[in-house]
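Protein chains in written order, with this note's numbering: chain C, 3 to 81; chain R, 3 to 81.
2 protein chains.
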Amino acid sequence: MKARVHVMLKNGVLDPQGEAVRHALGSMGFDGVNGVRQGKVIELDLAETDEAEARKTVTDMCEKLLANTVIESYSVELG
Amino acid sequence: MKARVHVMLKNGVLDPQGEAVRHALGSMGFDGVNGVRQGKVIELDLAETDEAEARKTVTDMCEKLLANTVIESYSVELG
Numbered sequence: 003m004k005a006r007v008h009v010m011l012k013n014g015v016l017d018p019q020g021e022a023v024r025h026a027l028g029s030m031g032f033d034g035v036n037g038v039r040q041g042k043v044i045e046l047d048l049a050e051t052d053e054a055e056a057r058k059t060v061t062d063m064c065e066k067l068l069a070n071t072v073i074e075s076y077s078v079e080l081g
Numbered sequence: 003m004k005a006r007v008h009v010m011l012k013n014g015v016l017d018p019q020g021e022a023v024r025h026a027l028g029s030m031g032f033d034g035v036n037g038v039r040q041g042k043v044i045e046l047d048l049a050e051t052d053e054a055e056a057r058k059t060v061t062d063m064c065e066k067l068l069a070n071t072v073i074e075s076y077s078v079e080l081g
């Protein structure tokens, strides 16, 4: 089973990468970009086939390794 | 209009970040992880409200800045 995890900085946490992208887009002539946030996406190929079990495992992975839950939020998609 | 861009290394391109995550998960006792790929997700808040126009602009941003199309592939989601 495939899982996709999105890890983004929480709202209110300064995102210098996103700001750099926004600034670069502006200087390249792309107007009308109000905000940019950059995060990570992690695609996992799991041996587990049960969806509920996979979600539990991936959530555990996020809490322990993939996200820094002090400043980052995560979401898990399975399929 | 919000846009979300995923940028992933193309298949066949070595992904050392993904490998590091896979190895770390294994050493933490998470078995059954066959593969991990790590990429970027970029969330854009655009002033543009027309979906077709926004898709064209974001694709242009990907080609020119957000992705290195030699080694990375990208996908654009709007909404």
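Cβ atoms here follow ideal geometry from the backbone N, Cα and C, with glycine treated the same way. Remember, predicted model here, so these are calculated numbers, not experimental data.
Going by the beta-carbon positions, is the gap between residue i and residue j smaller than 9 Å?
i: L48(C); j: T59(C); result: yes
i: M3(R); j: L67(R); result: no
i: A74(R); j: Q40(C); result: Before going on, a small fix: residue 74(R) reads as Glu here, not Ala. Contact flag unset, no.
Contact criterion: CB-CB distance below 9 Å. Does residue i meet it with respect to chain C?
i: K12(R); result: no
i: T59(R); result: yes
i: D47(R); result: yes
i: G81(R); result: no
i: G28(R); result: no
Are any of the Cβ atoms in chain R nearer than 9 Å to that of residue i?
i: L16(C); result: no
i: V78(C); result: no
i: V35(C); result: yes
i: I44(C); result: yes
i: E65(C); result: no
Could you tell me how far apart the beta carbons of residue i and residue j are, in whole angstroms, since I believe they sit closer than 8 Å?
i: C64(C); j: V15(C); result: Not confirmed; about 17 Å, so no contact.
Hey, how far is the Cα of residue i from the Cα of residue j?
i: E21(R); j: N13(R); result: 14 Å
i: G34(R); j: V72(C); result: 28 Å
i: E53(R); j: V78(R); result: 11 Å
i: T51(R); j: S29(R); result: 47 Å
i: A26(C); j: E55(C); result: 42 Å
i: M10(C); j: R57(R); result: 22 Å
i: A5(C); j: D17(R); result: 17 Å
i: F32(R); j: Y76(R); result: 29 Å
Let me check one thing: in DSSP terms, what residues is residue i bridge-paired to?
i: K4(R); result: D47(R)
i: M30(C); result: In the DSSP output, where bridge partners are listed per residue, M30(C) has none listed.
i: M10(C); result: S75(C)
i: K58(C); result: Bridge partners of K58(C): none, in fact.
i: K42(C); result: V9(C), K42(R)
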